[in-house]
Each structure stands twice: as structure tokens, then as C-alpha cells.
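Residue numbers (the working numbering): 4 to 542.
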């Protein structure tokens with residue numbers, strides 16, 4: 004399809020250059036989807052990207068002339084590809100609408116899944132799938148997400164308890180949600196799928212300037228005028244029974260650099276369940292026992308992506324009734340220790356074969372120093388220092404600070420604090436940025452808390468399920484109470500949590516023994532410096 008003046012592109016569009024080089028046009032997510040579709044031929048649900056310049060045009064002048072027609076054209080083409088029609092009351096095409104900025108901003112921008120469900124199309128989905136519980140669960144999810152993301156209804160008002168497991172229970176939850184939405188927003192959920200789509204696209208554009216996105220950009224030093232792309236993609240359903248699920252996985256461990264898949268998987272769920280931290284997931288390796296053929300396909304796909312990008316990748320995927328779909332890929336964030344190990348290991352990997360110069364370019368002197376500090380600060384805790392709790396070590400490092408239970412309290416302090424939450428959300432980023440450590444009682448290794456903390460180098464422990472969290476205190480499984488203001492220590496490597504600052508044995512660590520790749524990288528740096536000096540002398 005020819006390039007349009009408004010810059011709307013099918014994932015399979017031929018740009019004439021590799022899509023991964025077009026991040027400023029397609030955004031990171033759009034570029035990854037296009038690369039997996041066009042260059043690698045992977046099983047990606049088809050869709051299209053509304054490019055970053057369109058968002059900037061919207062910010063300057065409002066909804067661009069002709070954009071409705073462009074979206075209509077691309078949605079109809081998508082329907083032809085999928086054999087279903089958007090808004091069809093018999094067998095509807097449903098869409099996922101996701102952001103995709105040129106720079107990774109995990110969880111900061113908005114997403115709407117299951118878009119296109121209405122009172123009529125949900126009945127059609129129930130008949131077409133022969134599974135009314137699946138259809139009404141999807142409608143419940145859509146109503147909740149659209150109300151919160153697009154209509155601005157507070158999430159506390161949308162809490163109707165755990166999802167019902169029967170059709171009538173789910174119908175009642177949808178009715179309750181709709182009643183609350185009308186009271187809070189002054190209008191009902193739109194019953195026109197095309198209106199839903201336009202409002203969702205505008206919500207993604209608007210989320211670029213949300214408070215949470217601004218706070219994240221300030222922390223990361225990201226320019227405010229970049230804008231975001233919007234990716235519109237046909238839905239695949241991880242909530243479609245026990246042979247379905249969803250996950251997020253790194254091709255290597257982003258905390259240690261170990262060359263094995265690292266991430267979370269959740270059976271009969273959708274992506275937001277995993278990344279929000281609201282559910283306790285299982286390690287992605289468990290998928291091998293649950294669906295071995297799907298796991299082998301996933302491992303093969305991860306290896307192909309790593310070789311293609313010549314780097315560690317972060318991948319989002321869904322399994323629908325035993326079939327694997329890839330929904331996103333990007334070069335993954337990692338700790339300093341992981342950066343060192345991955346760079347050196349990829350020099351010796353014959354399929355990737357980084358040069359020594361490339362390895363040095365990927366790991367700055369500052370990162371090498373950070374890795375050394377992390378290793379030398381690893382000390383053995385005295386045997387009598389019993390931990391209060393143990394969760395999942397999600398972001399390495401040890402941190403000691405006063406306990407606070409809200410992002411606002413963390414942001415308002417000048418001393419060292421540990422932010423303790425059931426799970427974190429994008430609204431918590433200002434408080435997360437002000438904390439020296441993060442502890443959550445729910446969530447897994449790729450939850451919001453884990454991903455953001457790892458990217459910022461903040462120690463984090465997630466999924467400490469034995470802790471019972473109250474308003475201004477938490478209680479351990481043994482009945483010990485820790486209140487706001489008490490000092491705790493967390494270890495984001497081991498997942499352990501202690502009261503106060505535990506004493507440590509005198510035994511230290513040797514970075515050459517703990518991370519031989521660091522010594523190798525330093526030797527290459529010395530060789531490069533010596534070679535450069537020799538060239539300068541000759542010159």
C-alpha cells in the first residue's frame with residue numbers, strides 16, 4: 004500500500020529500509036511489530052500503526068483531516084485479512100489499541116483491549132466462540148479498561164471484585180460497571196465501535212502528556228515533544244480457556260545476564276494481568292510443563308529475535324488455544340551486571356558475533372563501575388539475621404530505608420525510603436523515582452514494579468505474598484508488624500527482606516570470580532586505549 008500523507012502503515016508495509024530503523028516514525032512497538040511481520044515472517048496478529056508525526060499533528064491542531072478515512076480503510080483491510088468485520092453483531096473483529104513511543108516508557112502510556120465489544124457484538128462473540136463465559140469476561144475487561152483509560156473513571160469505582168466464573172455473574176458485573184460509569188462520567192459506554200476506536204486513539208495521544216508520563220520522562224531525560232505512535236491490532240485472546248494464556252519474556256535474564264528465557268506467564272489471562280502486577284504469575288519456564296510444544300516454539304522465536312537484533316530482547320506474547328502469537332519485541336532494559344555479561348557473551352556467540360568494539364560501546368565506563376560496585380557490595384548476611392519475608396528478586400542490589408506506603412509519601416521525603424505497595428502502577432512513578440528500594444506483595448518478574456525498577460537500577464523485591472498489607476503497616480507470616488517509618492532492608496538479588504540493617508560477615512566478594520566477563524571487558528578497554536594511543540603517537 005502506498006504511503007499516505009497522514010502516515011498510517013500496515014505492519015507488512017514495505018518501507019524500503021528495515022522497519023527497526025524507523026523508530027522515530029513508527030515508535031518502538033510499531034517498528035518491532037513491522038520488523039517481526041515483514042522481515043522475520045513471525046506469527047504476529049495483523050494490524051497497522053498510526054505514526055508518531057500524526058500524534059504531533061494532533062497535539063498542535065486537533066484531529067487531522069482525513070484521519071477517520073485512513074483508519075476506516077485500514078480497519079476494513081484488517082477485516083479482510085482476518086475474515087471478520089469490525090462491528091459485526093454475528094462474528095465481530097475486535098481490536099487492541101496500544102501506544103508505542105520512540106523511546107520505551109513501560110506502562111506510562113495507555114492501552115485498550117477487546118475494543119469493538121458492545122451489547123450486540125458480545126452476544127455474537129458468545130455464539131461464534133461457543134463460549135459465553137469467555138465473551139462476557141472479555142466484555143467485562145473492555146468496559147473496565149475503556150472506562151478507566153478513555154473516560155477517566157477512577158479505578159476504585161471499577162473494582163467489582165474478582166471476575167465471576169459464570170455467564171450470569173459476568174453479566175451482572177458488566178451491569179454494575181455500566182451503572183457506576185454513568186454516575187461517574189455522566190454518560191454510558193459508547194455502543195458504536197467506530198466511536199470507541201476514535202476515542203481510544205485520542206486517549207493514547209493524550210496519555211503522552213499525562214502526569215505519570217511527564218514524571219517518567221523527567222527521570223529518564225526524554226524530550227517532551229517526541230509524541231507516540233498508536234498501534235491498532237487484531238485481538239488474540241489469552242483468556243480463552245486453559246490452553247490459552249499470556250506472558251512477557253526476556254531472551255536472557257535482565258538482572259544477571261544468564262543466557263536463559265526470563266519472564267512470567269499466566270494461564271487464561273490477558274497481557275494487562277501480567278504487567279500490572281495484580282496477579283501472581285508463574286515463571287515462563289513452567290510453560291514447558293503446561294504446553295511443551297508452545298514453549299519450544301517460543302524458545303525458537305526468542306533465539307531468532309536475539310540473533311536478528313544482535314541483543315537481548317524483551318518480548319510480549321499470547322497463546323490462544325495452543326497457538327503462539329508474538330505481540331511486541333524491543334531491545335530490553337537490563338542491570339549493569341547483566342549488561343556486562345551479555346555484551347561479552349555475545350562476542351563469543353557465533354550466531355551474533357559482536358566485535359569487541361561493539362561490546363565496549365554497549366557498556367560504558369560508568370556501567371562497568373556500577374557493575375563492580377554491585378558485586379563488591381554483595382556481602383554475606385550474618386547467620387542470625389532472619390529475614391522478615393522472601394519474595395522474588397526483581398532488580399538486583401541492596402537498599403535500606405524507612406517504610407512508606409504511598410507514592411506521595413515517597414515523593415515528599417528527602418531521606419532514604421522503601422516504597423511498599425501491593426503492586427505499583429504508572430501513577431506511582433514519581434514516588435518510585437524518589438525511593439531507594441521497592442517492595443510489593445503481588446506481581447512477578449515482569450510486573451510494572453520489576454520492569455521500572457530494573458530500568459532505573461533501583462533494588463526491588465516483588466511478590467512477597469506472605470506479607471499482609473494494611474493502610475500504614477504490614478504484618479509478616481510470623482505475626483511481626485512493620486509500621487510506616489520503620490527501617491527495613493531489601494535485597495533485590497535474593498528477594499529477602501529484613502528489619503533494620505542486618506549485620507554482615509566480613510567476607511567480601513571478588514569481582515573477577517563473581518563476574519569474569521567484567522575483567523574481560525576491562526582488558527578489552529585497556530587494549531583499545533593502548534591501540535588508540537599508539538595511533539596517536541604514529542600520527
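All C-beta atoms, glycine included, are put in the ideal place defined by N, C-alpha and C. What you are looking at is a predicted structure, and each value in this text was computed from that prediction instead of being measured.
Cβ neighbour criterion (16 or more within 10 Å) applied to residue i
| i | result |
| --- | --- |
| residue 530 | exposed |
| residue 385 | Note that residue 385 has pLDDT 46, beneath the 50 cutoff, so the model's placement of it is unreliable and the number below is only indicative. Residue 385 is exposed by the Cβ-count criterion. |
| residue 107 | buried |
| residue 533 | exposed |
| residue 344 | buried |
| residue 256 | buried |
| residue 394 | buried |
| residue 415 | exposed |
| residue 102 | buried |
| residue 198 | exposed |
| residue 77 | buried |
| residue 235 | buried |
| residue 4 | Reliability fails at residue 4, whose pLDDT of 36 lies under 50, so the model's placement of it is uncertain and no value is given. |
| residue 19 | exposed |
| residue 492 | buried |
| residue 509 | Unreliable positioning characterises residue 509 in this predicted model, as indicated by a pLDDT of 47, which lies under 50. The coordinate reading is nonetheless provided below. Exposed, since its Cβ has fewer than 16 Cβ neighbours within 10 Å. |
| residue 6 | Residue placement at residue 6 is flagged as unreliable, the pLDDT there being 39, under the threshold of 50; the coordinate-derived value follows with that caveat. Residue 6 should be labelled exposed. |
| residue 54 | buried |
| residue 372 | exposed |
| residue 190 | exposed |
Span of the alpha helix (DSSP H) around residue i
| i | result |
| --- | --- |
| residue 225 | It is not in any alpha helix (DSSP H) - residue 225 carries neither H nor E in the DSSP assignment. |
| residue 147 | 135-152 |
| residue 208 | 196-210 |
| residue 302 | 295-312 |
| residue 186 | 170-188 |
| residue 124 | 124-132 |
Given residue i as reference, the closest of the options once Cα atoms are compared
| i | options | result |
| --- | --- | --- |
| residue 115 | 441, 226, 402, 210 | 210 |
| residue 120 | 402, 129, 112 | 129 |
| residue 412 | 227, 236, 437, 39 | 437 |
| residue 70 | 168, 212, 11 | 11 |
| residue 300 | 326, 312, 317 | 326 |
| residue 228 | 395, 86, 65, 104 | 104 |
| residue 41 | 22, 29, 51 | 22 |
| residue 307 | 328, 355, 65 | 355 |
| residue 123 | 60, 53, 196, 150 | 196 |
| residue 44 | 51, 15, 198, 202 | 15 |
| residue 305 | 109, 66, 328, 55 | 328 |
| residue 219 | 65, 451, 117 | 451 |
| residue 432 | 162, 112, 359 | 112 |
| residue 247 | 288, 406, 294, 289 | 294 |
| residue 79 | 425, 420, 98 | 98 |
Contact check, residue i vs residue j, beta carbons under 9 Å
| i | j | result |
| --- | --- | --- |
| residue 38 | residue 231 | no |
| residue 368 | residue 187 | no |
| residue 254 | residue 347 | no |
| residue 410 | residue 453 | no |
| residue 276 | residue 430 | no |
| residue 207 | residue 233 | yes |
| residue 297 | residue 322 | yes |
| residue 330 | residue 47 | yes |
| residue 174 | residue 192 | no |
| residue 250 | residue 269 | yes |
| residue 351 | residue 259 | no |
| residue 336 | residue 217 | no |
| residue 444 | residue 427 | no |
| residue 374 | residue 521 | yes |
| residue 340 | residue 289 | no |
| residue 399 | residue 462 | yes |
| residue 469 | residue 487 | no |
| residue 237 | residue 96 | yes |
| residue 362 | residue 524 | yes |
N- and C-terminal bounds of the beta strand (DSSP E) containing residue i
| i | result |
| --- | --- |
| residue 486 | 484-486 |
| residue 271 | It is not in any beta strand (DSSP E) - residue 271 carries neither H nor E in the DSSP assignment. |
| residue 317 | 316-323 |
| residue 117 | 114-118 |
| residue 398 | 395-398 |
| residue 237 | 232-237 |
| residue 404 | 401-407 |
| residue 473 | Segment: none, residue 473 is in no beta strand (DSSP E) and carries neither H nor E. |
| residue 423 | 420-424 |
| residue 248 | 248-253 |
| residue 329 | 326-334 |
| residue 457 | Element bounds for residue 457: not the beta strand (DSSP E) but the alpha helix (DSSP H), 451-459. |
Residue i at chain B interface by Cβ criterion, 9 Å
| i | result |
| --- | --- |
| residue 80 | The displayed structure is made up of one protein chain only, and chain B is not part of it. |
- Start-end ranges of the beta strand (DSSP E) lying completely within the segment 351-379, minimum 3 residues: none
- Query: What are the complete alpha helix (DSSP H) segments, minimum 4 residues, inside the segment 34-103?
  - Reply: Counting only runs of 4 or more, we get 55-64, 70-85.
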